Each structure stands twice: as C-alpha cells, then as structure tokens.
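For the sequence shown, this note's numbering gives the first residue as 2, with consecutive numbering after it. Data first, discussion second: the structure below is written as structure tokens.
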Amino acid sequence: MPRARSAGFLHVYVLRHDLGDRGGLMGTQGVTHTAVTPLDLVKCRRQVDAKLYKTNFQAWSMIGRAEGIRGIFTGWSPTFFGYCAQGAFKYGG
Numbered sequence: 002m003p004r005a006r007s008a009g010f011l012h013v014y015v016l017r018h019d020l021g022d023r024g025g026l027m028g029t030q031g032v033t034h035t036a037v038t039p040l041d042l043v044k045c046r047r048q049v050d051a052k053l054y055k056t057n058f059q060a061w062s063m064i065g066r067a068e069g070i071r072g073i074f075t076g077w078s079p080t081f082f083g084y085c086a087q088g089a090f091k092y093g094g
C-alpha cells in the first residue's frame, strides 16, 4: 500500500479497494453458482420423481428438447442475484 500523506487519501484508498473487493466477489459468486443451475434443476426433479429420468444426461436431453435452453437454466435469476448479494455482503465485508 502506498504511503498515505493524509487521512483523506487513506480513506479514499481503502474505500475504493473495499468496493472493488465486493464487486469481484459479487461477480464470482453469482456466475459460478448460476453455471451449476442445471445440476440443481435435474437433482431436484429427480428427487421429486426418481423414475422420471435414468441419468442426468438423459434429463438434460429431455428437458432441452421439451423446454429448450431456457428450461435447462430454469431458476437462474434468483440464484444469480441471491449469490451476488451473498458474495458482496457476507464475504466482501
């Protein structure tokens, strides 16, 4: 860290890096958890009806044919925004 010449400089320096850390954690938490949303979707559907799909690959194939790519990523937005908030406030602060 560069030497602070005044308290104002130090305050701005710390604030800028704190916000940068929060932003980085928001992005990583949100993106990584959103990327595994299809795994969670298939897990939940197989838990509800174990005879519906034999394998995860069959499940993704059937969901993709019936509902398209949007069906495979069902629930992505609450996952993304929820984990962005967690990354910013739980781990970033």
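We put the CB at the ideal spot given by N, CA and C, even for glycine. All values reported here derive from a predicted model rather than from experimental measurement.
Going by CA-CA distance only, name the one from the options that's closest to residue i.
i     : options                    : result
His34 : Phe81, Arg71, Thr56, Ala67 : Phe81
Gly69 : Gly83, Pro39, Ser78, Lys91 : Pro39
Ile73 : Ser62, Gly88, Ala86        : Ser62
If we ignore side chains and look at the alpha-carbon of each, how far apart do residue i and residue j end up?
i     : j     : result
Asp41 : Ile64 : 13 Å
Thr75 : Lys44 : 13 Å
Tyr54 : Ala86 : 33 Å
Val37 : Lys52 : 23 Å
Ala89 : Arg66 : 36 Å
Return yes when the Cβ of residue j is within less than 8 Å of the Cβ of residue i, no when it is not.
i    : j     : result
Arg1 : Ala60 : The shown model of the chain, from 2 to 94, leaves out residue 1, and the question about it has no answer.
Where are the alpha helix (DSSP H) runs, 4 residues long or more, that stay fully inside the stretch 24-91, in chain order? 38-49, 57-73, 77-87
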